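Protein chains in written order, with the working numbering: chain G, 1 to 244; chain D, 245 to 649.
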Amino acid sequence: MLLEISDLEVEVEGKKILNGVNLIINEGETHVLLGPNGAGKSTLFMTILGFPNYKVTNGKIIYKGQDITKLETHERIALGLGVTFQNPPAIRGVKLKDLLKIVDKQEYKSNDELDEEVIKLGERLKLNEQFLERDVNLGFSGGEVKRSELLQLLAQQPDFIMFDEPDSGVDIENVELISKEISTLLDQNNENSQKGGLLITHLGYILRFVDATHAHVLIDGKITRTGNPEEIMTDIRKSGFGEA
Amino acid sequence: MVSIKDRAEKAVNKQAAIGADIDLNEYEAADVEAHRHIDSLDDLTKSDKETLTSVGMMTDEEDRSASFLQMDQSEVFVNNMFPGVEVMGTAQALEKYDWLADYMWKAVQVDADKYTATTELGAKSGYFIRSLPGTKLELPIQACMYIGDDAVRQTAHNIIIAEEGSEINIITGCSTAAHVDNAAHIGVSEFYLKKDSKITFTMVHNWAKEVDVRPRTGVIMDDNSTYISNYILTKPVRNLQAYPTAYANGQNTKVFFQSILAGKDDSVIDQGSRTELNGINSQSEMITRAISEDQSTIITRGDLHGKAHEAKGHLECMGLILSDDSKIYSIPELRGDCTDMELSHEAAVGKIAEAEIQYLMARGLTEDEAASMIVRGFLDIDIKGLPEELAKETKNIMDLSMEGM
């Protein structure tokens with residue numbers, strides 16, 4: 001078992017957002033999290049990451065057999081968690097290259113050049129070496145933001161990956177490219193993949209390209225339905241989240 | 245006609261227009277002969293050498309075209325290594341060149357305040373730098389104002405002349421010896437840029453906690469000249485107030501002022517930059533990044549005065565407040581005196597955005613590491629107009645002065 005969440009209740013600024021979430025994700029599985037705006041999807045991500053303002057009032061998060069509920073974010077990342085953000089902030093003066101050096105497993109000294117392998121990964125994502133010199137997310141297009149997020153994860157190689165709306169604001173051409181890299185990150189072509197993923201999507205369009213094994217519907221901080229992604233998506237398209 | 249000396253004497257108690265009024269009598273004027281000349285910068289003590297290096301003064305003089313070092317009121321070292329540029333003490337230069345008198349107190353007024361007046365009335369010191377017509381030198385000239393003794397009142401009157409078509413780079417570091425706690429530094433710098441000339445002037449300040457600092461700078465510019473100033477202050481100081489002014493008198497002149505300010509401890513830093521856009525199609529860009537820590541106060545001022553057609557100016561000040569007991573005030577001013585000119589400003593003062601910290605934490609940094617990376621990034625202004633090697637080195641100097649932040 002890669003990730004096990006049990007009875008998770010979470011408050012943000014005194015307001016209860018998650019009301020007893022239960023979720024098990026095994027190696028080789030890719031789960032999709034569906035739900036209306038404000039249901040708590042992003043809150044679940046931020047809580048798994050351990051951000052300080054997401055207060056766990058009940059329940060546990062077990063990752064690779066270890067209770068990580070009280071660990072700091074950087075400790076969780078070191079254990080192999082990774083995330084792509086939907087709308088990551090721009091940081092002036094911090095270059096994409098600098099972030100790649102942080103996440104890459106290789107140790108860098110202050111003036112070391114970025115590893116060739118990472119530069120090649122960038123090219124694969126249509127982010128050339130010159131692009132890596134840009135301040136992270138500053139003036140990036142929608143597609144560039146998503147590809148930059150994926151590039152960071154490809155350099156990081158986490159074992160459990162959360163994708164927050166990786167397809168929002170992205171044109172069709174880029175959705176295919178992004179989906180391909182998500183599959184790569186999750187090692188989906190390997191029967192014995194040791195990776196696991198949890199993906200938030202609104203449109204479900206990306207599911208045409210990324211093989212999801214399970215889907216969950218989150219409403220008002222609770223998982224109300226779990227099952228086959230296609231079936232659930234079909235129901236949602238027909239009659240909205242209420243019926244699903 | 246009233247002589248310069250008379251004007252200085254009248255202004256010797258005149259309070260400056262802005263900034264705390266410093267009692268200069270608390271400090272002692274040092275004797276010009278107090279420190280003896282040295283043959284090589286290598287003859288300095290290890291501690292002095294380290295301090296000089298921290299402000300960009302290379303004691304091995306590698307990759308430098310000339311050096312000048314003033315300790316307290318004494319000129320202790322001067323070395324000219326390249327033709328086309330001359331560097332010497334201002335006193336000596338005044339003896340050598342009769343015409344130099346015409347450059348004294350033209351870009352800065354002698355009776356502006358007690359600090360300029362005191363500089364005129366005290367023993368002559370400071371440096372004279374002149375690039376001969378057509379000289380283009382990438383290797384920087386280095387100059388340093390160093391305070392070696394406690395309670396010293398150091399004055400310097402610097403004259404920098406770039407003759408027609410010449411281009412020079414100057415790195416100046418100002419600092420106090422490790423054992424010095426309190427002192428006062430008054431540095432008057434007058435720049436003259438002739439037609440088609442260019443000066444980049446990078447200044448790093450690294451004072452002790454109890455030092456009062458009053459630089460007074462004026463820059464007079466002819467047609468097609470470019471003046472670039474990079475100012476870096478990242479160490480504590482007691483009270484610093486400066487408001488350098490560029491007079492972009494010629495056509496097509498370009499001015500860049502970039503300042504990086506970090507307030508620490510009880511530092512009070514009042515730093516501005518001003519450009520008078522007097523020439524047709526003259527341009528100015530003035531950028532400040534300030535962070536305040538501890539109980540520091542930073543006031544950043546900017547003043548763009550558009551007086552000629554096609555003049556353009558932009559002023560930008562970004563401040564990050566890192567402690568509740570510190571303050572940043574940003575005071576931008578734009579003044580337009582004619583049609584067909586364009587001035588703008590952008591200012592923002594705030595704290596580090598939580599979302600930025602969390603983003604970096606999600607990449608594996610601790611909260612402190614994330615904050616430190618954001619602050620360094622915030623202060624990392626692209627340095628304009630420098631040759632590649634020098635830009636790299638200036639960046640190194642900046643990194644060095646930001647170590648431990």
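Glycine is no exception: its CB is placed at the ideal position from the N, C-alpha and C atoms.
Computed from a predicted structure; not experimentally measured.
Practice item. Flag D/Q386 as yes if its beta-carbon sits less than 8 Å from any beta-carbon of chain G, otherwise no. Key: By 1-based counting over the second sequence, the position of residue 386 of chain D is 142. No, D/Q386 does not count as interfacial toward chain G.
Review point. Taking any Cβ of chain D, which residues in the stretch 137-171 of chain G have a Cβ under 7 Å from it, in chain order?
Key: Q152
Point to revise | Residue of G/E113, G/K101, G/M162 and G/R124 minimising C-alpha distance to G/V136 | key: Counted from its first residue, the first sequence places residue 136 of chain G at position 136. For the residues G/E113, G/K101, G/M162 and G/R124, the minimum Cα distance to G/V136 belongs to G/K101.
**Study point:** Cβ pair G/F163, G/I223 closer than 8 Å
**Key:** The residue labelled residue 163 of chain G in the question sits at position 163 within the first sequence. The residue labelled residue 223 of chain G in the question sits at position 223 within the first sequence. Taking 8 Å as the Cβ cut-off, G/F163 and G/I223 do not qualify as a contacting pair.
Practice item. Determine the extent of the alpha helix (DSSP H) in which D/V256 is found, giving its start and end residues. Key: Residue 256 of chain D sits at position 12 when you count from the first residue of the second sequence. D/V256 -> no alpha helix (DSSP H), and no H or E assigned at all.
Exercise for review: Locate the beta strand (DSSP E) running through D/T541, then write down its first and last residues.
Suggested key: As a working mapping, residue 541 of chain D is identified with position 297 in the second sequence. Taken as a continuous stretch (DSSP letters only), the beta strand (DSSP E) holding D/T541 covers T541 to G550.
Review point. If we count the other Cβ atoms within 10 Å of its Cβ and call it buried at 16 or more, is D/P480 buried or exposed?
Key: Working through the second sequence from its first residue, we reach residue 480 of chain D at position 236. Buried.
Practice item. Could you tell me if G/N174 is buried or exposed, where buried requires 16 or more neighbouring beta carbons within 10 angstroms of its beta carbon? Key: The residue labelled residue 174 of chain G in the question sits at position 174 within the first sequence. Buried, because 16 or more other Cβ atoms sit within 10 Å of the Cβ of G/N174.
Check your understanding: What residues match up with D/E454 in a beta bridge as DSSP calls it?
Key -> Counted from its first residue, the second sequence places residue 454 of chain D at position 210. In DSSP, D/E454 forms a bridge with D/N426.
Review point. If we count the other Cβ atoms within 10 Å of its Cβ and call it buried at 16 or more, is D/K498 buried or exposed?
Key: One-based indexing of the second sequence puts residue 498 of chain D at position 254. D/K498 comes out buried.
Exercise for review: Would you verify that the beta carbon of G/R92 is, or is not, closer than 8 Å to some beta carbon of chain D?
Suggested key: For the purposes of this step, residue 92 of chain G is taken as residue 92 along the first sequence, with counting starting at 1. For G/R92, the nearest beta carbon of chain D is closer than 8 Å to its own beta carbon.
Review point. Relative to chain G, which residues along the stretch 595-619 of chain D have a C-beta separation below 7 Å, given in chain order?
Key: A597, A599, E600, Q602, Y603, M605, A606, R607, G608, L609, T610, M617 and I618
**Study point:** Continuous beta strand (DSSP E) assignments of at least 3 residues falling wholly in the stretch 59-98 of chain G
**Key:** 81-84
Review point. Anyone know if the C-beta pair for D/A428 and D/D393 falls short of 8 Å?
Key: Indexing the second sequence from 1 puts residue 428 of chain D at position 184. Indexing the second sequence from 1 puts residue 393 of chain D at position 149. No; because the gap between Cβ atoms is not below 8 Å, this pair is not in contact.
Exercise for review: Could you check which residue in D/V276, D/Q353, D/K442 and D/A337 has the C-alpha nearest to that of D/T461?
Suggested key: By 1-based counting over the second sequence, the position of residue 461 of chain D is 217. The shortest Cα separation from D/T461 among D/V276, D/Q353, D/K442 and D/A337 belongs to D/Q353.
Review point. G/L79 versus chain D: which residues are under 8 Å apart at the beta carbon?
Key: On the first sequence, residue 79 of chain G is found 79 positions in, with the first residue counted as 1. The contacting residues do not exist; G/L79 stays about 10 Å from chain D at best.
Practice item. Tell whether a beta-carbon distance below 8 Å holds between G/I303 and D/E600. Key: Nothing in the structure corresponds to residue 303 of chain G, since chain G is present only between 1 and 244.
Check your understanding: What does D/F622 touch in chain G if you count any residue whose Cβ is under 8 Å from its own?
Key -> Reading the second sequence from its first residue, position 378 is the one you call residue 622 of chain D. Per Cβ cutoff of 8 Å: R92 and G93.
**Study point:** is_contact[G/V56, chain D] using C-beta, thresh 8 Å
**Key:** Here residue 56 of chain G is taken as the residue at index 56 of the first sequence, counted from 1. Closer than 8 Å: no.
Check your understanding: Taking 8 Å as the CB-CB cut-off, is G/T73 touching chain D?
Key -> On the first sequence, residue 73 of chain G is found 73 positions in, with the first residue counted as 1. So, interface residue.
Practice item. Indicate the three-state DSSP secondary structure (helix, strand or coil) for D/E306 in the structure shown. Key: Against the second sequence, residue 306 of chain D aligns to sequence position 62. Of the three classes helix, strand and coil, the one that applies to D/E306 here is coil, per DSSP.
Exercise for review: Taking G/V103 as the query, report the chain D residues whose CB atoms sit under 8 Å from its CB, ordered along the chain.
Suggested key: By one-based count along the first sequence, residue 103 of chain G stands at place 103. By Cβ distance, chain D contributes R607 and G608.
Exercise for review: Determine the burial state of G/T43: buried for a count of at least 16 other Cβ atoms within 10 Å of its Cβ, exposed for fewer.
Suggested key: Position 43 of the first sequence holds residue 43 of chain G. It counts as buried.
Check your understanding: How would you label G/M1, buried or exposed, when you count the other beta carbons within 10 angstroms and need 16 or more for buried?
Key -> Taking the first sequence and counting its residues from 1, the one referred to as residue 1 of chain G is at position 1. Result: exposed.
Point to revise | Reduced DSSP category for G/F45 - H, G, I as helix; E, B as strand; rest coil | key: As a working note, residue 45 of chain G is residue 45 in the first sequence. Three-state DSSP puts G/F45 in a helix.
Practice item. Leaving aside the five residues before and after D/R374 along the sequence, list all residues of the same chain whose C-beta is less than 6 Å from its C-beta, in chain order. Key: Along the second sequence, one-based indexing puts residue 374 of chain D at 130. Result list for D/R374: E330 and I405, in chain order.
Practice item. Report the three-state DSSP secondary structure of D/G594 (helix, strand or coil). Key: Counting from one through the second sequence, the residue named residue 594 of chain D turns up at place 350. Three-state result, D/G594: strand.
Practice item. State the beta-bridge partners of G/L218 as determined by DSSP. Key: Walking along the first sequence from the start, residue 218 of chain G turns up at place 218. G/I223, per the DSSP bridge assignment.
Exercise for review: Can you tell me the Cβ-Cβ gap for D/R533 and D/L623, rounded? I've got them flagged as a contact below 8 Å.
Suggested key: Walking along the second sequence from the start, residue 533 of chain D turns up at place 289. Walking along the second sequence from the start, residue 623 of chain D turns up at place 379. Sure, about 5 Å apart at Cβ, within 8 Å.
Check your understanding: Any idea what DSSP makes of D/A555, helix, strand or coil?
Key -> Along the second sequence, one-based indexing puts residue 555 of chain D at 311. The answer is coil: DSSP assigns D/A555 none of H, G, I, E or B.
Practice item. Alpha carbon to alpha carbon, how far is D/Q527 from D/Q602? Give it in angstroms, no decimals. Key: By 1-based counting over the second sequence, the position of residue 602 of chain D is 358. By 1-based counting over the second sequence, the position of residue 527 of chain D is 283. Answer to the nearest angstrom: the Cα atoms are 39 Å apart.
**Study point:** As assigned by DSSP and simplified to three states, the class of D/E637
**Key:** Working through the second sequence from its first residue, we reach residue 637 of chain D at position 393. Reduced to three states, the DSSP call for D/E637 is helix.
Check your understanding: Hey, does G/V12 have any beta-carbon neighbour from chain D nearer than 8 Å?
Key -> For the purposes of this step, residue 12 of chain G is taken as the residue at position 12 of the first sequence. It does not: the Cβ of G/V12 has no partner Cβ on chain D nearer than 8 Å.
Point to revise | C-beta contact flag for G/D98 and G/V118 at 8 Å | key: If you number the first sequence from 1, residue 98 of chain G lands on position 98. If you number the first sequence from 1, residue 118 of chain G lands on position 118. For G/D98 and G/V118, no; Cβs fall outside 8 Å.
Point to revise | Rounded separation between G/V170 and G/G143 - CA only | key: Position 170 of the first sequence, counting from 1, holds the residue named residue 170 of chain G. Position 143 of the first sequence, counting from 1, holds the residue named residue 143 of chain G. So the two alpha carbons sit approximately 5 Å from each other.
**Study point:** Simplified DSSP assignment, three categories, for D/Y341
**Key:** By 1-based counting over the second sequence, the position of residue 341 of chain D is 97. D/Y341: coil per DSSP, three-state reduction.
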